[in-house]
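The opening position of the sequence shown corresponds to residue 598 in our numbering, with each subsequent residue numbered one higher. Glycine is no exception: its CB is placed at the ideal position from the N, C-alpha and C atoms. Just so it is clear, the structure is predicted and the values come from calculations on it, not from any experiment. Comments concern the structure below.
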Amino acid sequence: MPDPIFDHPRLAAVYDAFDGDRADLDAYLAIADELGADRVLDVGCGTGCLAILLADSGRTVMGVDPAEASLQIAGSKDRTGRITWIHGDATGVPAFGADLAVMTGNVAQVFLTDDDWTRTLRGIRGALRPQGHLVFETRRPERRAWQEWASDTGPVVLDLPEAGLVEQRREVTDVSLPLVSFRYTYTFLADGAVVTSDSTLRFRDRDEVETSLVANGYRVLEVRDAPDRPGREFVFVARRAT
598 MPDPIFDHPR
608 LAAVYDAFDG
618 DRADLDAYLA
628 IADELGADRV
638 LDVGCGTGCL
648 AILLADSGRT
658 VMGVDPAEAS
668 LQIAGSKDRT
678 GRITWIHGDA
688 TGVPAFGADL
698 AVMTGNVAQV
708 FLTDDDWTRT
718 LRGIRGALRP
728 QGHLVFETRR
738 PERRAWQEWA
748 SDTGPVVLDL
758 PEAGLVEQRR
768 EVTDVSLPLV
778 SFRYTYTFLA
788 DGAVVTSDST
798 LRFRDRDEVE
808 TSLVANGYRV
818 LEVRDAPDRP
828 GREFVFVARR
838 AT
């Protein structure tokens with residue numbers, strides 16, 4: 598089940614505003630150019646920011662996400678219906694013949710069990726053409742990002758056109774490595790509504806990710822640094838082996 602931050606209608610509506618500048622997406626557009634990818638699958642597409650950019654560049658795009666509220670936001674941006682939106686997860690994606698599949702925003706960390714991660718990798722593999730690529734990012738465990746999250750407890754308040762003043766707070770609720778849990782609390786000051794969202798992420802190290810990719814039919818071509826967050830994330834570039 599998707600977390601409320603993505604699937605609660607009020608939270609999905611303000612997600613983009615609090616997510617801020619998505620400079621990380623420029624790197625994925627550049628990778629699509631580098632790999633000559635014309636058909637792209639966006640796994641965990643959320644509110645569709647990358648999918649829209651890819652479609653604007655003339656590509657054929659499919660976006661998949663289990664959060665219906667986020668997909669509704671994404672669809673509202675796709676006014677000409679260029680993109681195929683799939684409500685679900687990667688295990689149910691139809692054969693798409695994708696040149697490239699991507700997971701941005703550290704989507705790879707939401708798969709908490711080995712079985713879920715394996716099923717996701719296999720589902721993506723089935724949607725790729727032979728020799729198609731999979732590119733995704735994941736946070737480096739050694740950077741211990743959760744320590745920064747725990748120390749950054751101050752509220753963020755935005756004045757949004759449709760929602761008015763909205764306050765966001767984040768707190769780390771549990772660290773049981775490799776799992777880290779945290780809670781977002783949103784207060785809609787216009788009517789006093791409070792909505793919370795609890796999330797858990799899994800921090801896999803580089804060797805674990807590479808091993809899982811090879812075991813599920815991929816060849817790891819390269820592990821890069823994230824250009825917008827140097828030293829903080831791994832960017833895996835893999836190819837479907839057959």
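In the displayed model, Arg636 falls within a strand according to three-state DSSP.
Using a 10 angstroms sphere on the CB of Ala620, the tally of other CB atoms stays under 16, which defines it as exposed.
Judged by DSSP in its simplified three-state form, Pro727 adopts strand. Only residues of its own chain outside the window of five on either side were considered, and among them Arg736, Arg737, Arg740, Ala742 and Ala823 have a CB closer than 8 Å to the CB of Arg829, listed in chain order. For Leu786, the three-state secondary structure derived from DSSP is coil. Under the 10 Å beta carbon count, Leu709 is surrounded by fewer than 16 other beta carbons and is classified as exposed.
The beta-bridge partner set that DSSP reports for Ser778 consists of Asp771 and Thr797. Taking the C-beta atoms as reference points, Trp714 is found no nearer than 8 Å to Ser773. When C-alpha distances from Asp662 are compared across Glu805, Ser794, Ile683 and Arg803, the shortest belongs to Ile683. By a beta-carbon distance limit of 8 Å, Met659 contacts Leu638. Their separation comes to about 5 Å. When the five nearest sequence neighbours on each side are left out, the beta carbons in the same chain lying within less than 6 Å of the beta carbon of Val753 are those of Gln765, in order along the chain. In this structure, Thr701 and Leu622 form a Cβ contact; the two beta carbons are roughly 7 Å apart against a cut-off of 8 Å. With respect to Ala695, Leu725 sits close: the two C-beta atoms are nearer than 8 Å. Between the alpha carbons of Arg767 and Asp712 lies a gap of roughly 29 Å. With a beta-carbon spacing of about 11 Å, Leu647 and Val732 fall beyond the 8 Å limit used to define contacts. Non-local C-beta neighbours of Ala666 in its own chain, meaning closer than 6 Å and more than five positions away in sequence, comprise Asp604, Pro606 and Ala609, ordered along the chain. Taking the Cβ atoms as the reference, Arg780 lies roughly 5 Å from Asp795, within the contact range of under 8 Å. The three-state secondary structure of Thr657, taken from DSSP, is strand. Scanning the stretch 684–766 from its first residue to its last, the whole beta strand (DSSP E) runs of 3-plus residues come out as 695–700, 725–736 and 753–757.
Taking Gly685 as the centre and dropping the five residues before and after it, the same chain places the C-beta of Val661 and Pro663 closer than 7 Å to its C-beta, in chain order. Under the DSSP definition of a beta bridge, Thr681 partners with Met659.
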